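What follows is one structure encoded as structure tokens, with my remarks underneath.
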Ligand SMILES: [Fe+2]
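Numbering (the numbering used here), first residue to last: 4 to 389.
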């Protein structure tokens with residue numbers, strides 16, 4: 004037995020942002036609170052969508068104070084804004100941070116209490132307001148997932164919030180919004196999406212349906228990631244990346260992520276490394292650690308990415324995968340934690356605490372090879388110099 008959790012409505016394709024009014028109307032939303040960040044306001048993306056809403060007679064509000072790695076304080080400020088107006092929905096515009104902020108706002112507004120009350124293993128299922136997401140990066144997949152990640156600034160912990168309340172009611176996935184994204188952001192978010200697809204596929208919670216999404220996501224993302232980075236205006240590559248990222252989101256929303264994400268969140272929380280980048284720093288070393296426990300699954304990943312033929316054995320395919328992941332990091336200039344400038348003494352000092360937080364998130368438990376705390380410390384150690 005398995006389940007499938009998806010938004011009610013996903014509208015996908017170039018120019019689909021122009022369907023925002025129709026989507027809101029179909030959901031009965033007339034007064035959404037737009038959740039976004041100052042940068043997207045400045046670039047005009049938010050204004051374009053607001054103009055469409057005003058033209059249709061809607062009266063949207065705006066909370067544009069979201070930050071990268073959204074904090075509890077920002078979510079609480081958002082809830083206050085939400086309660087100041089008679090809003091009937093949340094319209095998140097942006098990358099993972101605005102989308103996750105909107106989700107956490109919906110959870111907190113509906114249930115009260117403190118944000119930490121909702122972190123895993125709790126299940127955040129109650130929300131009163133529908134969420135509509137318009138992603139502006141091809142990465143997090145948050146527009147279709149039942150997860151949000153919120154940083155508790157008091158403990159430097161990236162809390163995983165999971166439940167149906169975090170699942171958007173609708174997603175509007177328009178790759179045109181990614182055409183102007185710079186190389187670093189495209190690379191980091193793209194590797195995040197690739198990691199979602201791989202981790203969902205090797206996860207112990209993978210299902211026959213999540214596999215369909217994961218494999219198609221890999222097929223779309225891997226051959227287009229470098230092109231999207233180095234030819235930012237390439238529509239075909241951007242479209243494939245965007246579709247792949249959303250499909251990867253559907254895959255991991257249903258199969259969960261695993262050890263890379265479990266270990267990545269503490270690096271992000273303690274050293275403020277962007278999420279996709281900390282995933283990239285860990286992906287080769289964690290794949291090497293995990294592959295012996297699910298050689299056939301990783302070999303399928305390699306073949307799906309076009310790195311090995313069906314005639315080649317699983318071991319050879321997995322070797323090709325490990326080489327390809329290292330080459331990808333090199334080509335996309337992913338630094339090691341050391342090269343990123345993370346202080347070695349502090350990093351080593353924090354390794355046991357990061358391992359503890361990684362295990363507490365539950366994600367390592369989905370890994371084909373479930374690590375002990377000592378093994379996670381060993382992997383942090385191995386990743387430091389890349
Ligand atoms: Fe991720």
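Quick reminder that beta carbons are idealized off the backbone N, C-alpha and C, glycines included. Just so you know, these numbers come straight off a predicted model, no measurement behind them.
Item	Value
Please report the distance separating the alpha-carbon of residue 375 from that of residue 81.	38 Å
Does ligand 1 have even one heavy atom less than 7 Å from the beta-carbon of residue 57?	no
Can you pull the DSSP bridge partners for residue 154?	74, 161
Any chance the CB of residue 104 is under 7 Å from a heavy atom of ligand 1?	no
Which residue comes first and which comes last in the beta strand (DSSP E) that contains residue 13?	12 to 15
DSSP puts residue 136 in a beta bridge; with which residues?	95, 174
What are the start and end residues of each continuous alpha helix (DSSP H) run of 4 or more residues lying completely inside the region 224 to 281, in chain order?	238 to 258, 262 to 274
Contact defined as beta carbons within less than 8 Å: I believe residue 104 pairs with residue 138. What is the distance between those atoms, to the nearest angstrom?	Residue 104 to residue 138, Cβ: 13 Å. No contact.
What are the residues that DSSP puts in a beta bridge with residue 326?	According to DSSP, residue 326 bridges with nothing at all.
When you compare the region 262 to 272 with the region 211 to 224, are there three or more beta-carbon pairs, one atom per stretch, that lie closer than 8 Å?	no
For residue 122, list the residues DSSP reports as bridge partners.	164
Under three-state DSSP, which class holds residue 300?	helix
At the level of alpha carbons, what is the spacing between residue 276 and residue 202?	20 Å
Let me confirm a value: residue 278 is counted as buried when at least 16 other C-beta atoms fall within 10 Å, else exposed. Which label applies?	buried
Taking residue 210 and residue 5 to be in contact with their CB atoms under 8 Å, please state how far apart those CB atoms are, rounded to whole angstroms.	4 Å
Nearest-angstrom Cα distance between residue 224 and residue 51?	28 Å
Given that a residue counts as buried once 16 or more other Cβ atoms are within 10 Å of its Cβ, and exposed if not, what is residue 124?	exposed
Thinking C-alpha only, which one of 160, 94, 29, 59 is nearest residue 272?	160
Within a Cβ cutoff of 6 Å, which residues of the same chain sit near residue 302, ignoring the five residues on either side of it in sequence?	317, 320, 321
In the DSSP assignment, find the unbroken beta strand (DSSP E) run with residue 37 in it and report its ends.	35 to 38
Can you give me the Cβ contacts of residue 17 inside the same chain, cut-off strictly under 8 Å, excluding the 5 residues immediately before and after it?	177, 178, 179, 238, 242
How would you label residue 86, buried or exposed, when you count the other beta carbons within 10 angstroms and need 16 or more for buried?	exposed
Using DSSP with H/G/I as helix, E/B as strand and the rest coil, what is residue 204?	helix
Examine ligand 1 and report whether any of its heavy atoms sits within less than 7 Å of the Cβ of residue 195.	yes
For residue 245, does the count of other Cβ atoms within 10 angstroms reach 16, so buried, or fall short, so exposed?	buried
Ends of the alpha helix (DSSP H) at residue 41?	41 to 45
Could you check whether residue 38 and residue 93 sit closer than 8 Å to each other, using their CB atoms as the reference points?	yes
Inspect the beta-carbon positions of residue 257 and residue 198 and report whether they are closer than 8 Å.	no
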